[in-house]
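A short worksheet on the structure shown next.
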Amino acid sequence: MRNLITDVEGISVGQAEDAGSVTGVSVIVPDCPALGAVCVAGGGPGTRESDVLAAGRLVFDSVDAICLSGGSAFGLAAADGVMAGLKAQGRGFALVPRPGVPATPIVPAAILYDLANGGNKDWGDTAPYARLGRQAFDAAGESFVLGPAGAGYGAAAGLAPGGTGSASIVTHDGLTVGALAAVNSFGSVRMPGSAAFWAWPFEISGEFGGARPEPGFAFDPEDWGAAKADPSPRENTTLACIAIDAAVTHDELQRIAQMALAGMARAIRPVFAPTDGDVIFVISTRKREAGGSRPLAIARLGELAASTLARAIARGVYESERQEGRP
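Per the working numbering: the sequence shown ends with 337, consecutive numbering throughout.
As structure tokens, this is what we get:
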């Protein structure tokens, strides 16, 4: 177990960064077309191909990759690079395969805003995102860096450094749930006046430092702690991808995605604000039977998705702070 989303069999992750522009891309790649769903919760999202994951669409069970990127709307071009890599491997959807007609890779994507983080954004006519998307795809594997890496490379979580986090859990009967998050939130991930993360009740084995609130800790409901002092529209976003190996229907996967939103609410305060672009993708590799009573099985997977996402969010910020040398 790596405690990463890649603990889900068949999932790889690749990341790429541009140090000069202070931005990056994360790509989640299943080894076979996956079932996909999405929940858009923030008031200012930026997405691509998210509509194809809705009920009744043609290709919701043919997801070839999920792309998360910095760069605001410029970053949506990262999916172009991912598509190029998939095309080179012959992957994609074709209703009727024909010689000389390429299949179309299905790559839902979402972006966060890192344009005002001090990096050099003077790209001229060509932004770096298609290049970064291809680099991230080519780098995909089972291990990847947390903290200031990938889509979270230039991010900020409230007044703390943001970053890319991941976590996983395996159930007693062998199902695996993994999460990856790029944290660029308006809200704070820590309790006001405390070193404890909001997600502390879900922490496993000290994975994000083990800080706990003091006995009797209380806070003013109007105190948001270290949230950003001056949020601007579309500038504050947490992007996430959940992967599961349980075989579920599309409707069931959509319910899991909706339940997974609780993971963001457990880890960030405030969340889903008008200035946020929060998006969660959920994909299933369908490699294992879910087992048990169907409604209870889906409730179980949704709860595990939420708690695992909360852990991934805290890990992303914790790893960024640790690598910066913060206490």
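Backbone N, C-alpha and C define an ideal beta-carbon position, used for all residues, glycine too.
If the five residues before and after aspartate 90 are omitted, its C-beta is found closer than 6 Å to the C-beta atoms of Ala140, all from its own chain and listed in chain order. Within a 10 Å sphere around the beta-carbon of asparagine 130 sit fewer than 16 other beta-carbons, which makes this residue exposed. For serine 317, the secondary structure class from DSSP, reduced to helix, strand or coil, is helix.
Ranking Gly302, Gly312, Gly273 by CA distance to the CA of isoleucine 266 puts Gly312 first. Non-local beta-carbon contacts of proline 280 in its own chain, meaning distances under 8 Å to residues more than five positions away in sequence, involve Phe196, Gly197, Trp234, Ala237 in chain order. With a cutoff of 8 Å on beta-carbon distance, glutamate 27 and tyrosine 123 are scored as not near each other. If you draw a straight line from the Cα of glutamate 59 to the Cα of aspartate 71, it comes to about 13 Å. For isoleucine 21, the enclosing beta strand (DSSP E) stretches over residues 21-28.
Of the candidates Cys49, Gly157, Pro171, Gly188, the residue whose Cα lies closest to the Cα of glycine 20 is Gly188. Across the set Gly30, Val18, Asn13, Val37, the C-alpha of Val37 shows the shortest separation from the C-alpha of glycine 24. Spatial neighbours of isoleucine 252 in its own chain (CB-CB distance under 6 Å, excluding positions within 5 residues in sequence) are listed in chain order as Ala189, Ala270, Val292, Ala315.
Shortest Cα-Cα distance from glutamine 99 to any of Gly128, Glu152, Pro43 involves Pro43. Proximity to asparagine 13 across Gly302, Thr186, Phe207 peaks at Thr186, based on C-alpha coordinates. Ranked by Cα distance from glutamine 145, the first of Leu169, Arg200, Gly95, Val180 is Gly95. For the beta strand (DSSP E) assignment, the uninterrupted runs of no fewer than 3 residues enclosed by the region 217-274 are, from N- to C-terminal side, 247-257. Lysine 297 sits in a strand when the DSSP states are folded into three classes. Between phenylalanine 212 and valine 199, the C-beta spacing is not below 8 Å.
DSSP lists no beta-bridge partner residue for valine 281.
Residue pairing by DSSP places glycine 175 opposite Ala191 in a beta bridge.
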